[in-house]
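Peer 1:
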Amino acid sequence: MQAHILDVLRHRVGKDVHSATPHDWFTATVLALRDKVIDQWMESTHRTYEASGKRVYYLSLEFLIGRLLRDALSNMGLTREMEKALRSYGFDLSVIEDLEPDAALGNGGLGRLAACFMESLASLDIPAYGYGIRYVNGMFRQRLDDGWQVELPETWLSHGNPWEFDRRESAYRVGFGGEVVDRGDRVEWVPAEQVEASAVDTPVVGWRGKRVNTLRLWTASALDPIRLDAFNAGDYAGALSEEVRAETLVRVLYPADSSPAGQELRLRQEYFFTSASIQDIVRRHVQTHGDITTLADKAAIQLNDTHPAVAVAEIMRLLVDVHGLDFNEAWDLTRRTVGYTNHTLLPEALESWPLPLFERLLPRHMQIIYAINSRVLREARKGGLDDRAISAISLIDEAGERRVRMANLAFVGAHSVNGVAALHTELMKSTVFADLHGLYPTRINNKTNGVTPRRWLQQCNPGLTSVITDAIGPAFLDDAAQLADLDALAGDAALGERIAEVKRANKVALASYVRQTMGLRLDPDALFDVQIKRIHEYKRQLLNLIETVALYDQIRSHPERDWVPRVKIFGGKAASSYHNAKLIIKLASDIARRVNADPSVGGLLKVVFMPDYNVSKAERIIPAADLSEQISTAGMEASGTGNMKFALNGALTIGTLDGANIEIKDHVGDENIVIFGLTADEVAEKRAGGYNPRAVIEASRELQQAVSAIATGVFSPDDPTRYAGLMGGIYDHDWFMVAADFDAYHAAQRRVDRLWEDQAGWREKAIRNIANVGWFSSDRTIGEYARDIWGVGAVS
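With the numbering used here, the residue at position 703 of the sequence shown is 861, and numbering never jumps.
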């Protein structure tokens with residue numbers, strides 16, 4: 159390895175040891191490792207073709223893959239060899255790893271789940287491709303200016319990406335607009351505009367390097383990169399307009415869709431990557447197997463949420479218009495091939511598109527959707543459904559502006575529709591998909607999410623991994639379920655002390671990082687109370703902040719009490735057009751500024767909002783967390799995966815009975831998790847029964863004082879009315895039940911204090927969390943998908 163790195167540095171980076179910069183060494187390190195990975199990649203591909211088996215194709219608008227160097231080294235078993243080689247040149251591997259930028263290919267749980275799934279597919283030796291977009295700037299880089307979120311372009315590709323491979327031979331034309339022409343014996347879509355989608359591949363290494371799968375991301379370019387006639391006429395901007403228009407498709411993840419232009423770009427992005435992916439899948443199938451009618455036997459296409467739902471119409475277009483299948487045969491083949499994962503019950507996240515926009519951009523797909531809708535609605539009428547149910551099932555929303563319902567399209571076009579936690583799946587059946595479930599009662603199933611234990615334990619927390627290995631042996635490295643052997647040792651005081659030492663070391667490291675990057679001193683012996691996730695009102699960072707204000711007031715009012723020192727750590731990004739979410743970030747910063755500068759609370763309370771939260775920051779924060787905040791309004795979080803990562807690293811959860819919290823509680827035991835608040839049924843009852851949040855606030859002294867302080871400008875003296883509207887929303891409607899759950903949350907936090915004061919008991923609970931969440935491995939989840947939905951197995 160030492161010689162290979164030097165050879166790569168000289169012949170592929172073009173530097174010698176005297177002139178090479180740290181970034182040159184990073185590139186040489188990746189390329190040297192990549193050479194090892196390529197051998198396994200090719201071997202995996204050859205085995206797949208020889209077996210002529212079924213492949214999984216995972217379509218996702220996000221892949222939050224994070225840094226790849228440490229992941230690939232660990233899974234290839236080359237970490238120590240690389241450490242030794244780099245040390246011989248005077249470099250520490252951890253320093254080289256920190257030079258790798260996070261790929262800006264996702265935002266939150268949806269994209270991180272896709273990344274965990276890709277790693278588990280390879281680890282379970284299941285042939286798979288992931289399909290997405292190679293965003294140039296992707297999700298924005300977050301900076302806080304005086305506490306306000308500022309969105310900056312993420313320049314992760316500014317120095318290239320040594321992991322990727324251009325696949326120019328895998329290029330497809332993707333059309334937009336135009337018209338549909340009747341050719342007599344067939345129908346032809348003649349687009350008005352076409353762009354070229356070209357593939358860029360990244361290897362995804364499974365555990366112990368047994369299989370390397372492919373993440374295929376699409377770039378976009380104009381068919382003619384420059385119009386020479388316009389250029390020679392002096393219209394230089396116009397000469398490049400088609401290339402700029404094409405590149406816009408792959409520039410930014412989730413462009414704001416508050417304007418018609420933003421909506422159009424979002425739809426164009428989704429069709430662009432979906433069409434290129436489906437064309438690639440069909441081309442590979444025909445090339446390998448010859449007969450398009452066996453597609454469902456050789457390909458399992460999984461739609462990760464509604465973003466790629468247009469795949470249903472695109473598959474139908476290719477089967478009918480290009481391959482000449484009868485509509486009925488094509489429909490049967492499409493449904494047997496496609497599976498759909500739903501990730502949300504929020505109506506705004508169940509995508510729908512204005513019908514005129516959809517028809518203008520995708521006229522042939524609109525015809526196909528109408529044809530599918532006709533079949534489905536006739537089937538519903540024969541089944542005895544009434545007009546209300548038929549209206550709910552329809553792929554076209556007729557209420558107000560007519561819109562194309564993408565979730566309904568995905569549902570009817572798939573043989574399997576799965577939720578991502580037990581509660582979420584049951585709510586799918588009774589709420590957003592109730593009528594579709596009535597029509598297709600066997601289609602919905604549950605696949606509770608999971609996280610890869612390689613990244614979220616072994617790699618991000620090597621100290622804890624070492625302690626566990628010493629305690630129960632290494633079997634859990636290959637099967638996370640073996641962590642259960644740790645449960646019998648939960649009361650072992652010596653083991654508890656060793657795990658506590660690792661936790662404190664992680665907290666010292668995080669405190670040092672915060673000191674270096676933010677200039678704030680943190681006490682590693684305080685309770686690290688963490689809420690890091692996308693900023694959204696249903697995730698209730700606001701509830702946490704209001705309770706923080708209440709705690710701040712109590713500490714100042716009762717200095718004689720034995721308060722548990724706390725560090726409240728927040729992180730997350732708000733969508734650029736989401737005003738209230740951005741205001742919550744500002745409120746966190748305002749509270750932090752006031753609390754952290756107040757000598758009357760001493761070292762008892764600190765508040766930190768860490769900017770630009772991403773995978774790499776999560777890998778620093780999660781191993782250092784003592785308390786995991788999973789406090790969403792019950793019935794609104796589909797699953798959550800942060801809750802699993804924290805528990806796996808020995809943090810206790812404080813949370814509602816929402817998403818996967820319920821199943822975590824069932825696994826770790828009621829006494830090892832802190833549950834509070836309304837259930838999903840109780841939330842629904844309150845919303846339907848005339849809930850009066852004003853009366854609740856006025857009846858709670860601590861809540862009223864905290865809300866009043868925020869609303870009247872105590873934390874925003876420069877703008878006393880800054881938070882009046884935000885607090886007014888709680889008084890007026892409180893859709894997210896912040897007031898309704900406040901007293902229960904406040905009491906639960908005081909219960910946490912009492913638990914923390916018994917450090918031996920806390921350690922035992924931490925061990926029981928680690929021991930009993932091995933079930934939440936993405937290996938288990940993918941195994942269930944493979945068995946129940948895809949019908950695939952390992953390739954030996």
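Just so it is clear, CB atoms sit at the ideal spot from N, CA and C, and this is done for glycine as well.
So, is the C-beta of Gly542 closer than 7 Å to a C-beta in chain D?
Peer 2: Given the protein chain composition of this structure (a single chain), no chain D is represented.
Peer 1: Can you tell me which of the three DSSP states Tyr696 falls into?
Peer 2: What you label residue 696 is simply residue 538 of the sequence shown in a count that begins at 1. Of the three classes helix, strand and coil, the one that applies to Tyr696 here is helix, per DSSP.
Peer 1: Is it buried or exposed for Met276, if we count other Cβ within 10 angstroms and need 16 for buried?
Peer 2: As a first step, residue 276 must be located in the sequence shown, where it is residue number 118. Answer is buried; the Cβ neighbour count reaches 16.
Peer 1: To the nearest angstrom, how far is it from the Cα of His176 to the Cα of Ala273?
Peer 2: In the sequence shown, residue 176 corresponds to position 18, counting from 1. In the sequence shown, residue 273 corresponds to position 115, counting from 1. Answer to the nearest angstrom: the Cα atoms are 37 Å apart.
Peer 1: What ranges does the alpha helix (DSSP H) occupy inside the stretch 616-688, keeping only unbroken runs of at least 4 residues that lie completely in it?
Peer 2: 620-630, 651-676
Peer 1: Does the Cβ-Cβ distance between Asp687 and Lys661 come in under 7 Å?
Peer 2: The count along the sequence shown starts at 1 and reaches residue 687 at position 529. The count along the sequence shown starts at 1 and reaches residue 661 at position 503. Going by C-beta atoms, Asp687 is not nearer than 7 Å to Lys661.
Peer 1: With distances taken Cα to Cα, identify the nearest neighbour of Ala882 among Ala864, His501, Ala898, Tyr394.
Peer 2: Against the sequence shown, residue 882 aligns to sequence position 724. Minimum Cα-Cα distance from Ala882 among the listed residues Ala864, His501, Ala898, Tyr394 corresponds to Ala864.
Peer 1: What would DSSP say about Thr791, mapped onto helix, strand or coil?
Peer 2: Here residue 791 is taken as the residue at index 633 of the sequence shown, counted from 1. The answer is coil: DSSP assigns Thr791 none of H, G, I, E or B.
Peer 1: For Pro311, which option in Arg331, Leu263, Ser328, Leu268 has the closest C-alpha, if you only look at C-alpha atoms?
Peer 2: Translated into the one-based positions of the sequence shown, residue 311 becomes position 153. Per the Cα distances, Leu263.
Peer 1: Tell me whether the beta-carbon of Gly577 lies closer than 7 Å to the beta-carbon of Met586.
Peer 2: Within the sequence shown, residue 577 is the residue found at index 419, counting from 1. Within the sequence shown, residue 586 is the residue found at index 428, counting from 1. Cβ distance < 7 Å, so Gly577 and Met586 count as in contact.
Peer 1: Please classify Tyr394: is it buried, with 16 or more other beta-carbons within 10 angstroms of its beta-carbon, or exposed?
Peer 2: The residue labelled residue 394 in the question sits at position 236 within the sequence shown. Result: exposed.
Peer 1: According to the Cβ coordinates, are Val950 and Arg205 closer than 7 Å?
Peer 2: Looking up residue 950 in the sequence shown gives position 792. Looking up residue 205 in the sequence shown gives position 47. No, these two residues do not count as a Cβ contact at 7 Å.
Peer 1: In this structure, does DSSP put Glu309 in helix, strand or coil?
Peer 2: Position 151 of the sequence shown, counted from the start, is the residue given in the question as residue 309. Correct three-state label for Glu309: strand.
Peer 1: State buried or exposed for Phe413, treating a residue as buried only when at least 16 other CB atoms are found within 10 Å of its CB.
Peer 2: Residue 413 sits at position 255 when you count from the first residue of the sequence shown. A small correction: the amino acid at residue 413 is Pro; Phe does not occupy that position in the sequence shown. Taking a 10 Å sphere around the C-beta of Pro413, we find 16 or more other C-beta atoms and assign the residue as buried.
Peer 1: Which same chain residues, not among the five before or five after Glu922, have their C-beta less than 6 Å away from its C-beta?
Peer 2: For the purposes of this step, residue 922 is taken as residue 764 along the sequence shown, with counting starting at 1. Within the same chain, Cβ atoms closer than 6 Å to the Cβ of Glu922 are found at Ala648, Gly649, the five residues on either side in sequence being excluded.
Peer 1: Short check: CB of Asp770 to CB of Gln300, under 7 Å?
Peer 2: As a working note, residue 770 is residue 612 in the sequence shown. As a working note, residue 300 is residue 142 in the sequence shown. The answer is yes: Cβ separation under 7 Å.
Peer 1: Ile196: buried (16+ other C-beta within 10 angstroms of its C-beta) or exposed?
Peer 2: If you number the sequence shown from 1, residue 196 lands on position 38. Answer is exposed; the Cβ neighbour count stays below 16.
Peer 1: Which residues does DSSP pair with Phe431 in a beta bridge?
Peer 2: By one-based count along the sequence shown, residue 431 stands at place 273. Looking at the DSSP assignment, Phe431 forms no beta bridge with any residue, so it has no partner.
Peer 1: Where Asp816 and His825 are concerned, what is the direct C-alpha to C-alpha distance, given to the nearest angstrom?
Peer 2: Counting from one through the sequence shown, the residue named residue 816 turns up at place 658. Counting from one through the sequence shown, the residue named residue 825 turns up at place 667. Asp816 and His825: Cα-Cα distance of roughly 15 Å.
Peer 1: Applying the criterion that 16 or more other CB atoms from any shown protein chain within 10 Å of the CB defines a buried residue, is Ala879 buried or exposed?
Peer 2: Within the sequence shown, residue 879 is the residue found at index 721, counting from 1. Going by the sequence as given, residue 879 is Thr instead of Ala. Thr879 comes out exposed.
Peer 1: Here's a check: name, in chain order, each residue in its chain whose Cβ is nearer than 6 Å to the Cβ of Leu411, leaving out the five neighbours to either side.
Peer 2: Translated into positions along the sequence shown, residue 411 becomes position 253. Cβ neighbours of Leu411 beyond the five flanking positions: Tyr293, Gly296, Met297.
Peer 1: For Ser574, which beta-bridge partners are listed by DSSP?
Peer 2: In the sequence shown, the residue the question calls residue 574 occupies position 416. Paired residues: Gly497.
Peer 1: Do Gly497 and Ile947 count as a contact pair if the criterion is CB distance below 7 Å?
Peer 2: Locating residue 947 in the sequence shown gives position 789, counting from the first residue. Locating residue 497 in the sequence shown gives position 339, counting from the first residue. Yes; because the gap between Cβ atoms is below 7 Å, this pair is in contact.
Peer 1: What are the complete alpha helix (DSSP H) segments, minimum 4 residues, inside the stretch 691-767?
Peer 2: 699-715, 737-754
Peer 1: Going along the chain, which residues of its own chain have a beta-carbon closer than 8 Å to the beta-carbon of Val338, five neighbours each way excluded?
Peer 2: The count along the sequence shown starts at 1 and reaches residue 338 at position 180. Hits under 8 Å: Val345, Glu346, Trp347, Val348, Pro521, Arg522, Gln525.
Peer 1: Have a look at Ser935 and Gly800 and give me their C-alpha separation to the nearest angstrom.
Peer 2: Residue 935 sits at position 777 when you count from the first residue of the sequence shown. Residue 800 sits at position 642 when you count from the first residue of the sequence shown. The straight-line gap from Cα to Cα measures roughly 12 Å.
Peer 1: Restricting to runs no shorter than 4 residues, where is the alpha helix (DSSP H) found entirely within the stretch 506-570?
Peer 2: Segments of the alpha helix (DSSP H) lying fully in the stretch 506-570: 513-519, 521-540, 545-551, 564-570.
Peer 1: Taking Cβ to Cβ, would you say Ala470 is nearer than 7 Å to Leu567?
Peer 2: For this step, residue 470 is matched to residue 312 along the sequence shown. For this step, residue 567 is matched to residue 409 along the sequence shown. The sequence given here has Val at residue 470, not Ala. Yes, these two residues count as a Cβ contact at 7 Å.
Peer 1: Does DSSP put Phe323 in a helix, in a strand, or in coil?
Peer 2: To locate residue 323, count along the sequence shown from 1; it is residue 165. In this structure, Phe323 counts as strand in the three-state DSSP scheme.
Peer 1: Going by C-alpha distance, which of Tyr429, Gly235, Asp387 is nearest Arg331?
Peer 2: Taking the sequence shown and counting its residues from 1, one reaches residue 331 at position 173. Considering only alpha carbons, the answer is Tyr429.
Peer 1: Give a yes or no on whether the C-beta atoms belonging to Arg724 and Leu763 are separated by under 7 Å.
Peer 2: As a position in the sequence shown, residue 724 is number 566, starting the count at 1. As a position in the sequence shown, residue 763 is number 605, starting the count at 1. Contact: yes.
Peer 1: Could you pull the DSSP bridge partners for Leu373 from this structure?
Peer 2: For the purposes of this step, residue 373 is taken as the residue at position 215 of the sequence shown. Bridge partners of Leu373: Gly288, Thr360.
Peer 1: Please confirm whether Val766 and Asp911 have their CB atoms less than 7 Å apart.
Peer 2: As a first step, residue 766 is located in the sequence shown; it is residue number 608 there, counting from the start. As a first step, residue 911 is located in the sequence shown; it is residue number 753 there, counting from the start. Cβ distance not < 7 Å, so Val766 and Asp911 don't count as in contact.
Peer 1: If you scan the stretch 381-445 from start to end, which runs of the alpha helix (DSSP H) of 4 or more residues do you find wholly inside it?
Peer 2: 386-390, 394-397, 399-406
Peer 1: Glu220: buried (16+ other C-beta within 10 angstroms of its C-beta) or exposed?
Peer 2: To locate residue 220, count along the sequence shown from 1; it is residue 62. By the neighbour-count rule (16 or more Cβ atoms within 10 Å), Glu220 is buried.
Peer 1: Residues bridged to Val345 by DSSP?
Peer 2: Here the question's residue 345 lines up with position 187 in the sequence shown. Answer is Asp340, bridged to Val345.
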